[in-house]
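Numbering (my numbering), first residue to last: 315 to 741. Scroll down for the structure; my scribbles are underneath it.
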Amino acid sequence: MDDTARLEVDGKSYDLPIIEGSEGERGVDIQNLRSETGLIALDPGYKNTGSCKSAITFIDGDQGILRYRGYPIEELAEKSTFLEVAYLLIHGELPTREVMDRWNHGIMRHTLLHEDLKRLFRAFPKDAHPMAVCAAVVSALSTFYPEDLNPADDAQVASSIERLIAKFPTITAYSLKHALGQPFIYPDNRLSYIENFLRLSFGNPCEAFEVDPVVVRAMDILLILHADHEQNCSTSTVRLVGSSKANIFACISAGISALWGPLHGGANQQVIEMLEEIAAEGLNARQFVDRAKDRDDTSRLMGFGHRVYRNYDPRANIIKKASADVLEKMGVNSKLLEIAVDLERIALEDDYFVTRRLYPNVDFYSGIIFDAIGIPVEAFTALFAMGRLPGWIAQWSELQGDGQAIGRPRQIYTGATVRPYVPMDKR
Ligand code: SDX
């Protein structure tokens, strides 16, 4: 195959290098395009443009393949744990028992929030969206650790990574407790990472909290499946902010805000609201699918479609199976799951979805499990962020290691050409 691409412009030829990745993906390297030709490439939404080389996550959208550092997502979901996957994504290798114990200990001893930071939660209205709270509190973490903000200092970065992963569940749980007007309880580091989160979210000082192992395992799987997804919108945001050498807390806070959007991580909340709307209106799946296809109707089949997957999102496959299993073990009969399975069946037989290669994505079934666990729907995206946190950190770290220049896209200007200022009384 060619290792250069020929560009013919204004009677001149330019050979642009073609690079190939370890999985055979090929791309035209246009890093010198403007200096050599005076031209830029235009690609709104970056549908055809790679921002970086990365060794973290591989997706084959046509085959429905997802691997973290070469390990298939199906194996990691079945055999690993979220904290082990977090280590794998950030450090590139599966940890030995000794390394894992050190990683786990390093994280679990940072689960507390500074007592002054806890006061910040009180400033929010009771109905503050958890993503607004999480973005604000994560950014505020930088004010409590000014000694650990240098992205070029490995020890400072390692300390900040431990604090971010450790404190994010506490922050999320406290945003739920604030909404309920219930007291914030302290983490109990004798519990596991996920057990701690469940106890902080659902426990209270008046009674013992029983952890359900079925729920813990379901959460582990969901967080693993959300942990990274190469250069998606929020990860690209973290990278772009990271390229300005902002501190890691500011970068992660920016990623949280990007994930909040209903076209991205916010879709998991939208899916449940869509299923509840269908149930409440007594619609059948066919009626709603027809609305989702109608250009004059703003309804979309939320949780369906993906920029990269033009096949079934492998994560949706795993979550769909897990949701049926978890609900059965919990003795929960979910009407919403029935509606979701019906919607999928009808959409996947419908020409509109088939021709556009629209399949269920990670958000289509995840809310069913979050709902069954008792997570409030407005907190679903915060759980997505909890899962995605190690992926954002791994991608941010890779960017810092690459020594990449600040991200600064160009544009094609289409506005007014030069004109003189006109005094107000002459307009
Ligand atoms: C995530 O990038 C990642 O990796 C993201 C993510 C991750 O792990 O980080 O996987 C997480 O964000 C998953 C996606 C969650 N969002 C949703 O479920 C929202 C619903 N889906 C869409 O809005 C849409 O599919 C996107 C945003 C996900 C992808 O949009 P694209 O790639 O820009 O595709 P598009 O909007 O141009 O759609 C192509 C066509 C359009 O129809 P036509 O203009 O060709 O007639 O498909 C239609 C769209 O109208 N379409 C849908 C649809 N999704 C796309 N029609 C109805 N229902 C849908 N869900």
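Don't be surprised by glycine CBs; every beta carbon is placed ideally from N, CA and C.
Beta carbon of residue 404 nearer than 8 Å to that of residue 708: yes
Looking only at DSSP bridge pairs, what is residue 374 linked to? 379
Would you please state the rounded distance, in angstroms, between the beta carbons of residue 694 and residue 582? I believe it to be under 8 Å. 4 Å
Suppose the cutoff is 6 Å on Cβ atoms and the five residues either side in sequence are ignored; what does the same chain contact list for residue 558 look like? 720
On the premise that residue 600 lies in contact with residue 606, defined as a C-beta separation below 8 Å, what is that separation, rounded to the nearest angstrom? About 11 Å separates the beta carbons of residue 606 and residue 600, which is beyond the 8 Å limit, so they are not a contact pair.
For the alpha helix (DSSP H) containing residue 522, list its first residue and its last residue. Counting along the chain, residue 522 falls outside any alpha helix (DSSP H), and DSSP gives it neither H nor E.
Got a sec? Which residues, its chain only, sit under 6 Å from residue 488 by beta carbon, not counting five neighbours each side? Close CB contacts of residue 488 within its chain, under the 6 Å cut and outside five residues either way in sequence, are with 435 and 498 (chain order).
Measure the C-alpha to C-alpha separation of residue 542 and residue 711 and round it to an integer number of angstroms. 13 Å
Where in the region 649-689 do unbroken runs of the alpha helix (DSSP H), each at least 4 residues long, occur, reported from the N-terminal end onward? Complete alpha helix (DSSP H) runs here, min 4: 649-661, 665-669 and 676-687.
Give every residue of the same chain whose Cβ lies closer than 8 Å to the Cβ of residue 507, excluding the five residues on either side of it in the sequence, and list them in chain order. 396, 397, 418, 421, 422 and 483
My parser needs the alpha helix (DSSP H) runs of 4 or more residues fully inside the region 417-502; what are they? For the alpha helix (DSSP H) assignment, the uninterrupted runs of no fewer than 4 residues enclosed by the region 417-502 are, from N- to C-terminal side, 429-436, 444-458 and 468-494.
With a cut-off of 8 Å on the beta carbons, I'd call residue 476 and residue 428 a contact; round off their distance for me. In fact, because the Cβ distance is near 15 Å, the residues do not count as touching under 8 Å.
Work out the CA separation of residue 346 and residue 679 for me, nearest whole Å. Roughly 44 Å separates the two Cα atoms.
With DSSP run on the structure shown, which of helix, strand or coil describes residue 334? strand
Rounded to a whole number of angstroms, what is the C-alpha to C-alpha distance between residue 433 and residue 511? 20 Å
Looking only at its own chain, which residues have a Cβ that is under 8 Å from the Cβ of residue 724, when we skip the five neighbours before and after it? 348 and 354
Can you tell me the Cα-Cα spacing of residue 740 and residue 727, whole angstroms? 28 Å
Who are the Cβ neighbours of residue 672 in its own chain at under 6 Å, not counting the five residues just before and after it? 618 and 619
Going by Cα to Cα distance, which pick from 366, 326 and 324 is closest to residue 342? 366
Taking just the CA atoms, how far does residue 662 sit from residue 668? 6 Å
Suppose you measure from the CA of residue 373 to the CA of residue 736; what does that come to, to the nearest Å? 55 Å
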